[in-house]
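**Student:**
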Amino acid sequence: MNNISNNRISIIDGHNDYLSWCIENNITSSKHFLSATDPHSFSYPNLTLAGLISGFFALWTMKEWCTGVKQQLPHGFTISLSKSIDRDIASKEVNTQYSLLIDIIKSSNNKVSLVRNINDLMLCLTGDRLGVILHMEGAEPLCPRLTDLSDWYNKGLRSLGLTWARANAFGNGAPYFMPGDPDQGAGLTDNGINLVKACNALGILVDVAHLNGKGFWDVYHASSKPFVSTHTGCHKICPSSRNLTDEQILAIKDKEGLIGITFSVTELRRDGLSIKQTPPDILIEHILHVCSVAGIEYVAFGSDYCGGTLPSELEHVLNIRILHRKLLEAGLTTLDLEHLCYKNWLRVLKKVWL
Ligand SMILES: [Zn+2]
């Protein structure tokens, strides 16, 4: 057994859908997260055992509203964008998820806390506290005139994905075309440009995961701060319209952001199929690809736990240690691993948060 598996390496993970997963599965009690009755569950005890010191917890309007239609093609498939959602419905759903999160934090006896600034995150690095970085996946709940953005900032919002795979008042998501170019549909609206600038001014990280190609370049030109893709794959390996081309990877590097590599096989496999029995080695390929295009300083984990189709070997959070061993075998050094696991996130968040 490699000694890395016994030594905890701190991890900041770029994306999970735990909160919406709970609501979808009628889990309304904080006990599910705070106690480890199931050794495989996505829970505080298992996350800390796996070395996670912090993660981006998404507020997301849920699966019930995933209305994209899949069409099989001779050499791939397309999934159209889901229908847009009314702001009131989106607000109600994410507020239910937010209430669960606050209940978890209040019931945790200071073991779980909301990360509001870089000092909060540093405390998580040195103790046994799990830091929740509050993320919104799709800006549907926000007022297009942004009158409620500072309220959300005060509630703890520190990261915002402009769209999911649908259109909203701010921009257009990328549909799932496989194979497909990210350049599908129009770019950000004026409200979307204003939102990027307002996030820069407030200290909210801008996330382009799920955004289409034109929207991506609008963010690149509008943002004065580093921006990221919290959970994505490399288009060169998996040519999904949802993945980043090498040109986009270099643009994120140019802005001093980072790319969180998803564990979800639909953005990793060359055929984009949702097959759990996919070896985790494909994830290593994507990480190494970002390293070769941009460098180790620009890649991180963005697991998509509780949301994506993860390789069965990685479904349980404790197995994240498999990746450490595989990455060392692939030639990364321990220092490289530290960059990938948490140092890159610290660098970006220090520049973005005020
Ligand atoms: Zn997502």
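Per the numbering used here, residue 809 is the first one in the sequence shown, and the count goes up by one each step.
Heads up, the beta-carbon is just placed ideally off N, CA and C, and yes, glycines get one too.
1) Are the beta-carbon atoms of residue 954 and residue 1014 separated by less than 8 angstroms?
2) Taking 7 angstroms as the cut-off, is the CB of residue 1115 close to at least one heavy atom of ligand 1?
3) If we require 4 or more residues per run, which alpha helix (DSSP H) segments fall completely within the region 1078-1131?
4) Cα separation between residue 1167 and residue 820?
5) Do residue 943 and ligand 1 come close, with the Cβ less than 7 angstroms from some heavy atom?
6) Is the number of C-beta pairs between the region 1101-1118 and the region 1050-1069 that are closer than 8 angstroms three or more?
7) Contact check, residue 924 vs residue 964 under 8 angstroms by CB: the rounded distance?
8) Find out if the Cβ-Cβ distance for the pair residue 840, residue 851 is shorter than 8 angstroms.
9) Closer than 6 angstroms by C-beta to residue 1113: which residues in its own chain qualify, once you throw out the five before and the five after it? Chain order, please.
10) Enumerate in chain order the residues of its own chain whose CB-to-CB distance from residue 1012 is below 7 angstroms, with the five nearest sequence positions on each side excluded.
11) When you measure from the CB of residue 1026 to every non-hydrogen atom of ligand 1, does any distance come out below 7 angstroms?
12) Starting from the C-beta of residue 1115, find all residues in its chain whose C-beta is less than 6 angstroms away, skip the five residues before and the five after it, and write them out in chain order.
13) Drop a sphere of 10 angstroms on the beta-carbon of residue 848, count the other beta-carbons inside from all chains shown, and report buried for 16 or more, exposed for fewer.
14) Of the choices 1067, 861, 867, whose alpha-carbon is the least far from that of residue 907?
15) Using the rule of at least 16 other Cβ atoms within 10 Å of the residue's Cβ for burial, across every protein chain shown, is residue 982 buried or exposed?
16) Are the beta-carbon atoms belonging to residue 1038 and residue 864 less than 8 angstroms from one another?
17) Ligand 1 and residue 800: does any heavy atom of the ligand fall closer than 7 angstroms to the residue's C-beta?
18) Cα-Cα, which of 1008, 1016, 988, 1076 is closest to residue 995?
19) Would you say residue 947 touches ligand 1, meaning its beta carbon is less than 7 angstroms from a heavy atom?
20) Excluding the five sequence neighbours on either side, which residues of its own chain have a C-beta within less than 7 angstroms of the C-beta of residue 939, listed in chain order?
21) Note down, in chain order, each residue of its chain lying with its Cβ closer than 6 angstroms to the Cβ of residue 1144, except the 5 sequence neighbours on either side.
22) So for residue 1000, helix, strand or coil by DSSP?
23) In chain order, what residues of the same chain lie with their CB nearer than 7 angstroms to the CB of residue 856, ignoring the 5 residues before and after it?
24) Below 6 angstroms CB to CB, which residues in the same chain sit around residue 1033 once its five sequence neighbours on both sides are set aside?
**Tutor:** According to the data block:
1) For the pair residue 954 and residue 1014, the CB atoms are not nearer than the 8 angstroms cut-off.
2) The beta carbon of residue 1115 sits closer than 7 angstroms to at least one heavy atom of ligand 1.
3) Counting whole runs of 4 or more residues, the region 1078-1131 contains the alpha helix (DSSP H) stretches 1089-1101.
4) Shown here, the chain extends from 809 to 1162; a query on residue 1167 therefore has no answer.
5) No, ligand 1 has no heavy atom inside 7 angstroms of this Cβ.
6) The region 1101-1118, when compared against the region 1050-1069, does touch it at the 8 angstroms Cβ threshold.
7) With a Cβ gap of about 6 angstroms, residue 924 and residue 964 count as contacting.
8) A contact, by the Cβ cut-off of 8 angstroms.
9) Hits under 6 angstroms: 824, 850.
10) Setting aside the 5 residues that flank it on each side, residue 1012 is surrounded in the same chain by 961, 965, 966, 967, 968, each with a C-beta closer than 7 angstroms to its C-beta; the list follows chain order.
11) No; taking the cut-off as 7 angstroms, the Cβ of residue 1026 has no heavy atom of ligand 1 nearer than that.
12) Excluding residues within five positions, the ones whose Cβ falls inside 6 angstroms are 825.
13) Result: exposed.
14) Selected option, being the one with the closest Cα: 867.
15) Burial state of residue 982 is buried, judged by a 10 Å Cβ sphere holding 16 or more other Cβ atoms.
16) Pairing residue 1038 with residue 864 gives a Cβ-Cβ distance under 8 angstroms.
17) Residue 800 lies beyond the residue range present for the chain, which begins at 809 and ends at 1162; the question has no answer from this structure.
18) Considering only alpha carbons, the answer is 1016.
19) The answer is no for residue 947.
20) 861, 862, 921, 923, 928, 929, 932.
21) Excluding residues within five positions, the ones whose Cβ falls inside 6 angstroms are 1104.
22) The three-state reading of DSSP puts residue 1000 in helix, counting H, G and I together.
23) In the same chain as residue 856, and ignoring 5 residues on each side of it, the C-beta atoms closer than 7 angstroms to its own belong to 936, 938, in chain order.
24) So the qualifying residues of the chain are 1008, 1160.
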